[in-house]
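Enquirer:
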Amino acid sequence: MQTKAAHSESGTKTMPSEVRGPLTIFDRFATATATLTSKAGFFVFCVLLVLLWAPTFLVLPSIDTWQLVINTATTIVTFLLVALLQNTQSRSDEAIQQKLNAIADALADCMGELSTEYPELDRHRQELADAVGLETRESS
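Take the position in the sequence shown, starting the count at 1, then add 255; the result is the number in this note's numbering.
In structure tokens:
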């Protein structure tokens, strides 16, 4: 049926139950990082780091050096976290899309079965199939 899940790079349809294989080391690291940074403890750590940094203006030779320390540290951490979190978000979006496509496929199958009893469902089933198919063509 046309409404099955999104096409993979090879053009075959992928259903959630067909996804197999372990995550790569980078994927596991990105997931662990996303989990860690989403906890309150990470936020508290960041606040403590800023509180420890604030009084260093008494030790550092100039205000420019003082600001450069925190600006550099936060920029590096932000840059790395964005890359890691984007990996996690992309995998999550793909998994959600596969699940939505599976639901649409099941709904279209159900509508097809019931269309003999309720003829108007056949038109709605075709609209659903066209909508899911259009989404697949636009996202590839």
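Where is the CB? At the ideal position from N, CA and C, for every residue including glycine.
A quick note: this is a predicted structure, and the numbers were derived from the prediction, not measured.
(1) Quick one: grab the DSSP three-state call for Leu315.
(2) Using only the alpha-carbon positions, how far apart do Arg392 and Gly367 sit?
(3) Starting from Ala289 and walking both ways along the alpha helix (DSSP H), at which residues does that stretch end?
(4) Mind checking Gln322: buried by the 16 CB within 10 Å criterion, or exposed?
(5) Of all the options Gly388, Thr371, Arg283, Ala363, which has the alpha carbon lying nearest to the alpha carbon of His379?
(6) In three-state DSSP terms, what is Thr327?
(7) Look at Ala285 and Leu340 and say whether their C-beta atoms are less than 9 Å apart.
(8) Drop a sphere of 10 angstroms on the beta-carbon of Asn326, count the other beta-carbons inside from all chains shown, and report buried for 16 or more, exposed for fewer.
(9) Using DSSP with H/G/I as helix, E/B as strand and the rest coil, what is Gly388?
Expert: Checking against the coordinates, here is how it stands:
(1) Counted from its first residue, the sequence shown places residue 315 at position 60. Reduced to three states, the DSSP call for Leu315 is coil.
(2) Taking the sequence shown and counting its residues from 1, one reaches residue 392 at position 137. Taking the sequence shown and counting its residues from 1, one reaches residue 367 at position 112. Unreliable placement is indicated for Arg392, whose pLDDT of 49 sits below 50; the coordinate value is still reported in the next sentence. Spanning the two alpha carbons is a distance of roughly 23 Å.
(3) Numbered from its first residue, the sequence shown carries residue 289 at position 34. It spans 280–292 - the alpha helix (DSSP H) in which Ala289 sits, taken as one unbroken run.
(4) Numbered from 1 along the sequence shown, position 67 holds the residue referred to as residue 322. The residue is exposed, with fewer than 16 neighbouring Cβ atoms inside 10 Å.
(5) Counting from one through the sequence shown, the residue named residue 379 turns up at place 124. Per the Cα distances, Ala363.
(6) Mapped onto the sequence shown, residue 327 falls at position 72. It is helical.
(7) The residue labelled residue 285 in the question sits at position 30 within the sequence shown. The residue labelled residue 340 in the question sits at position 85 within the sequence shown. Cβ distance < 9 Å, so Ala285 and Leu340 count as in contact.
(8) By one-based count along the sequence shown, residue 326 stands at place 71. It is exposed - the Cβ of Asn326 has fewer than 16 other Cβ atoms within 10 Å.
(9) Numbered from 1 along the sequence shown, position 133 holds the residue referred to as residue 388. In this structure, Gly388 counts as helix in the three-state DSSP scheme.
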